[in-house]
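Protein chains in written order, with the UniProt record's numbering: chain F, 1 to 240; chain C, 1 to 240; chain Y, 1 to 240; chain H, 1 to 240; chain V, 1 to 240; chain D, 1 to 240.
Step one of this worksheet: look at the structure below.
There are 6 protein chains.
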Amino acid sequence: MRPSGRNPDQLRDIKFTCGFTKHAEGSVLVEFGDTRVLCTASVDRSVPRFLKGKGEGWITAEYGMLPRSTHTRMGREASHGKQGGRTLEIQRLIGRSLRAAIDLKALGEHTITIDCDVLQADGGTRTASITGGFVALSLAVQKMLKRKQIKTNPLHGQVASVSVGIFNGVPVLDLDYAEDSNAETDMNVVMNDAAAFIEVQGTAEGHAFRKEELDAMLELAGSGIKELLEKQRIAIEEHK
Amino acid sequence: MRPSGRNPDQLRDIKFTCGFTKHAEGSVLVEFGDTRVLCTASVDRSVPRFLKGKGEGWITAEYGMLPRSTHTRMGREASHGKQGGRTLEIQRLIGRSLRAAIDLKALGEHTITIDCDVLQADGGTRTASITGGFVALSLAVQKMLKRKQIKTNPLHGQVASVSVGIFNGVPVLDLDYAEDSNAETDMNVVMNDAAAFIEVQGTAEGHAFRKEELDAMLELAGSGIKELLEKQRIAIEEHK
Amino acid sequence: MRPSGRNPDQLRDIKFTCGFTKHAEGSVLVEFGDTRVLCTASVDRSVPRFLKGKGEGWITAEYGMLPRSTHTRMGREASHGKQGGRTLEIQRLIGRSLRAAIDLKALGEHTITIDCDVLQADGGTRTASITGGFVALSLAVQKMLKRKQIKTNPLHGQVASVSVGIFNGVPVLDLDYAEDSNAETDMNVVMNDAAAFIEVQGTAEGHAFRKEELDAMLELAGSGIKELLEKQRIAIEEHK
Amino acid sequence: MRPSGRNPDQLRDIKFTCGFTKHAEGSVLVEFGDTRVLCTASVDRSVPRFLKGKGEGWITAEYGMLPRSTHTRMGREASHGKQGGRTLEIQRLIGRSLRAAIDLKALGEHTITIDCDVLQADGGTRTASITGGFVALSLAVQKMLKRKQIKTNPLHGQVASVSVGIFNGVPVLDLDYAEDSNAETDMNVVMNDAAAFIEVQGTAEGHAFRKEELDAMLELAGSGIKELLEKQRIAIEEHK
Amino acid sequence: MRPSGRNPDQLRDIKFTCGFTKHAEGSVLVEFGDTRVLCTASVDRSVPRFLKGKGEGWITAEYGMLPRSTHTRMGREASHGKQGGRTLEIQRLIGRSLRAAIDLKALGEHTITIDCDVLQADGGTRTASITGGFVALSLAVQKMLKRKQIKTNPLHGQVASVSVGIFNGVPVLDLDYAEDSNAETDMNVVMNDAAAFIEVQGTAEGHAFRKEELDAMLELAGSGIKELLEKQRIAIEEHK
Amino acid sequence: MRPSGRNPDQLRDIKFTCGFTKHAEGSVLVEFGDTRVLCTASVDRSVPRFLKGKGEGWITAEYGMLPRSTHTRMGREASHGKQGGRTLEIQRLIGRSLRAAIDLKALGEHTITIDCDVLQADGGTRTASITGGFVALSLAVQKMLKRKQIKTNPLHGQVASVSVGIFNGVPVLDLDYAEDSNAETDMNVVMNDAAAFIEVQGTAEGHAFRKEELDAMLELAGSGIKELLEKQRIAIEEHK
């Protein structure tokens, strides 16, 4: 049995609060159970140097955890003077995943920065960040269309992400902290609305995993992501 | 007239949501109108090196703004590799102000770190941080008393803070961003529940201010802080 | 009684040695008793990015203490790899204070950098820095006028600063280190030659202070600053 | 056809030069075609703080590229003052992968640091680093056994890694730079000698990939890693 | 007797492997006995800001040691976040020495960066770096001439370097680590092919040295450098 | 002719003001003409980690230039976040030079830090720093003897330093800025009171120098240092 009493293929309660803050072009508080991440999308009329003059845009992401979003207080990265390896790895992952959903030519010379700040952590902050980040990105794109900053919608699909793992020998979906810290294998999967893979990152924590375990986990991920994509659509639609 | 339509001596809507996050010993979302700051208090059973073996505790504070808490996105301090001068100045001020409310001997060898993270900024983030920080500190102290980590309540009073300024020639209380960015003079005042001053920081932005203007501003601050202290008491009481 | 034997309203011996170093456009060694600060003003024909093309100038300040300016050796900030919060706070204060004395339009597109380096510390280094910084700034402005870099004098007044505090229950002027480290309340005041306030920064170190104590301290500050402004005038005049 | 003329399931020429440098407890120059990485294993009789007194050891890894290991010169991370996100991500991956092959209890209170320095890059530097890093680790363990620093061999298996991808629509093994920079999908796979997965990291660069493409890539990886494990065994054996 | 059995005026085995790596315009592995340094020369079509628009080029150098190039593992400078004083001192020396051999006007607006990375250290890494750096520079210049990036050879001579010292009271040439760590005096000499001095850096480690000792060391250096210049010529000639 | 009108073998006016600041155990303002360096010696009852428990002491040095000690303002290293290569090189040189004058065993477990801060630069700041640093060190040692922190004088001699160079083809002593910036060759020499060399650092700026030029410069240095040693003795004696 899972500590939360959930079925192996059951997501936590998923909630999107669009417009959680007022300044950003797109803003959403995403909740995967007790994991709460504030995702904002900020539009800037310039592009990084390597894209100057190419007529293309860029999507980049930054990730942070509030010091006491976790069980024990973590040091603040700003006061340590640098972002840790885990942070850099996660924000690279978020950026790559969201770029897979957008036509950068159609975006034109704009940079959209997705900030994912974890207010409360209970496992799965990176998958919540990607899933919420997509919503923030969509809201920002809608605002750009309304303001006529762009002519056509550059998004050519949806992207969502969920974690899967093997807990007490059983493949389970959407691990919370209690499971995550005891899982034998942990995998983060990013997929699009065509049910194809954007990213697959699996790590054996306890024991190496076999092909049939991998297949079982990927199937769970597929069904979970299908649900998440549906919930994203509803949230975006309702906010219009 | 004030942009918000408030009277010169009128605070914005003040709201404390205690227990906003679950991991911290004390946690509160404080709102001064559209300014929203998440304040957490984290208790650690150790003290900084300069206090080792003295039987005393310490209160320290850290302050941060989420990158898109503001009108235009600010760079993330963690990725810049250092905290700016404004940030360091504010967190020093919060720490000093809260230490004025506590008997460090009675706290024993514990450090309480107050994290003030601005989710949305609309002027007065430092005064909201001090006012909310005191609530988070009180909640943490209550938890320490319940857990018998300390025997007596080390808090010997309350501390709250508000800004005052001169806007269009008129002294006004609790400036929002629209006023703050156009004020001729800006002053942050920290007071305790005995109506005495902990900190007075006044800056002439446009023109130097005279003694009678200073007096008028301090009087406004005194009445505003009285209200804030009352609201703090109610919030702490209701959360028990 | 004060450790130095001074009356409560008595400044330390104040001394300005103009032209203490030869390269800077303005240079002065300012002494408030045993506190000695070398202030230089450096003129640069460019402005920070946020002012480019606006036809305005800028005044900025940097502050540092030589490692053995103090009783025990402090670490060198350059070798620590960053300036501490206190340093940043002080240099922001010096910059704001001096900008209050100058018409940035009349300065044209020049930046004047005021460097305040403490050769020997005995309390009050920030007030000495502001007071000496104004003299260095004036000398640099004179040189610019002589060199016809500017047509009219952009200084529209004088600025000086002094500390006041409550020591053994008595309000006193211009605290030295022996007083400063034992004061119950410490306040730095910056005023102009129209007897108006530029900055008021009061901190309760031991006990919170009441309005009448604040008033007494501000009155002391006013009379001390009047003396300092007179001494600045003489020093600048004699150096012509 | 592949730019190199290789078959889709063909590795590049693989070469291990054990003892390439003399100071390290384990040292090997690993070559995957034109990709050359110097891997050294350094034994230290201490452990990181979080393991102190637990009787366990630790394996950690650091990764770097010489500035001109690449087509155009990259900045030196030491002079930039920090390691980039890609570097941190790779060294975390190498460390995790090698820890999966060792019993940290049996290692006792020793830290083995694996340094992987890329002398020449032509694609696949991270998979070469893991594959060579395992050889360096094995050589260091042999030396520890000879010197009686440990009693039993803590290695409970082998670990190797290879990249796979989809190039011009065809799944291919061990991508070189010409392929890597044009691949639609890129995947790094780490496996042990029981043919189980340690890490699977797949990224869609051009288009999202489907389950059957994933399966084809993993099968290629499995056969390639089998070959690499055999070559590791021979290299280690010959160096004894 | 010297630990290595060499005569006092005998160099170690000197070896240049030109073209050791393939991407750099010039690349050589230089060996002074067991000291092995990879020197590469990278050509860039731009110049540092202070030379912009002057029609001149620049030569700069960077130096690094692989963490386990030494007896015990040194920390990696990239992960420490800064280059140490010794590193900076050495790379400044290499840059100055090589600039002495080239006509920067004739180089035109190109920067050539010489990277010297120590794969294995056994004393004399800075002298090997200069000596090998000159070979890498020459190879790069040849390539520029072939590619018609420059019209005439900007090199107006050769530069090489060797260490000398006083070991057990005897002046000796080209110290290895065993001698270097016990030498009473240590001197690095850089000379050109006209037998004139570019740099002389002598340091008394044990006892101060007298003029006649200095003279004896400089004579040894002169004869050693003559040999090195000859070996450079052969290596460069053979690589054509 | 020299720009200053001095003879080739003539030092600038040399002046030592002992006790220039009051907190340091040893303090001197050293002037070589217009070059003015404040040298302080600070005694600390601890030693660096590598000397712990060995019963030996240590001498270390730090060097800095005030931002406007030079013709045009230099950036402040503390605000840049690191010390430049030149600074690190100079402070390593000062430390090595002064350690050559002291018996570290006799110093016992104390660290003496020599801070050399350039108030005004006109060429030769490193040689002035070494020469003044020795005076500050001597004054601190005298104070330690008086306070009975050490029993015997650990200084076994004197150390002083001067620059020599070739200016307009003529070897000259003690170069000022006007000469230094135009010299063809520049050499810094450190010697002890037995007329032996501690450091010799010669750099060809314009053209490589020949052995007879080196000899002429060293002879000039020897006579200049003899004078400096005499002036040091007088300054130290008078301050007793």
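C-beta: ideal position from N, C-alpha, C; glycine also.
- Here D44/C has H110, T111, I112, T113 as same chain residues with Cβ atoms under 8 angstroms from its own Cβ, once five neighbours each way along the sequence are excluded.
- Residue burial is scored here from C-beta neighbours: I234/C has fewer than 16 other C-beta atoms within 10 angstroms and is therefore classed as exposed.
- Across the set E31/H, G55/H, F20/H, the C-alpha of F20/H shows the shortest separation from the C-alpha of T40/H.
- For G57/Y, the closest Cβ of chain D is not nearer than 7 angstroms.
- With a minimum length of 3 residues, the unbroken runs of beta strand (DSSP E) contained wholly in the UniProt domain "Exoribonuclease phosphorolytic" (10-140) of chain H fall at 14-18, 26-32, 35-44, 58-65, 111-120.
- Sequence-distant Cβ neighbours of Y63/Y in its own chain, meaning closer than 7 angstroms and more than five residues away, are T87, I90, Q91, I94, C116, S129.
- Look at the region 13-32 of chain F: the residues with a C-beta under 7 angstroms from a C-beta of chain C are T21, K22, H23, A24.
- Between V37/C and V135/C, the C-beta spacing is not below 7 angstroms.
- DSSP places E227/Y in the helix class (H, G or I) of the three-state scheme.
- With a threshold of 7 angstroms between beta carbons, G165/C makes no contact with chain F.
- Short of 7 angstroms from the beta carbon of L228/F, and not among the five residues preceding or following it, lie these beta carbons of its own chain, in chain order: I14, T131, A160, V162.
- Linking L137/F to R49/Y through their CA atoms gives a straight-line distance of about 31 angstroms.
- E199/H has T203/F, V190/H as its beta-bridge partners, per DSSP.
- By the CB criterion at 7 angstroms, G26/D and G108/D fall outside the cutoff.
- Annotation: Q158/C to F197/C spans about 12 angstroms, alpha carbon to alpha carbon.
- Rounded to the nearest angstrom, the Cβ distance from A121/H to T70/H is 5 angstroms, consistent with a contact under 8 angstroms.
- Going by beta carbons, A183/F and F209/F fall outside the 7 angstroms limit.
- Only those residues of the region 197-224 of chain V whose C-beta falls short of 8 angstroms from the nearest C-beta of chain D are listed: F197, I198, E199, V200, Q201, G202, T203, A204, H207, A208, F209, R210, K211, L214, L218.
- For A208/F, the three-state secondary structure derived from DSSP is coil.
- Around L38/F, the beta-carbon contacts reaching into chain C at under 8 angstroms are L66, L119.
- Checking the DSSP bridge columns, you'll see P171/F partnered with I166/F.
- Per DSSP, E184/Y is not a residue of any alpha helix (DSSP H), being assigned neither H nor E.
- Exposure of R147/C is indicated by the presence of fewer than 16 other C-beta atoms within 10 angstroms of its C-beta.
- Sequence-distant Cβ neighbours of E213/F in its own chain, meaning closer than 8 angstroms and more than five residues away, are I166, P171, T185.
- In its chain, beyond the 5 residues on either side, V28, V30, V135, A235 have a beta carbon closer than 6 angstroms to the beta carbon of F16/C.
- In the DSSP assignment, L155/Y forms a beta bridge with I102/Y.
- Using a CB distance below 7 angstroms, the part of the region 81-97 of chain D facing chain V consists of K82, G85, L88, E89, R92, R96, ordered along the chain.
- A residue is called buried once 16 or more other Cβ atoms fall within 10 Å of its Cβ, and P3/D, having fewer, is exposed.
- The Cβ atoms of T125/D and N188/D do not sit closer than 7 angstroms to each other.
- With contacts defined by Cβ atoms closer than 7 angstroms, D193/V and G123/V do not form a contacting pair.
- Residue contact with chain C for E109/F: absent (no Cβ-Cβ distance below 7 angstroms to any residue of chain C).
- Under the criterion of beta carbons closer than 8 angstroms, D174/Y and G222/Y do not qualify as touching, at roughly 13 angstroms.
- Neighbourhood of A78/H in chain V, by CB distance below 7 angstroms: G64, E77, A78, Q83, in chain order.
- Not flagged as an interface residue toward chain C: R147/F, since no C-beta distance is shorter than 7 angstroms.
- Excluding sequence positions up to five before and after K143/H, its CB lies within less than 6 angstroms of the CB of E25, all in the same chain and listed in chain order.
- Under the 7 angstroms criterion on CB atoms, D115/V is classed as interfacial with respect to chain H.
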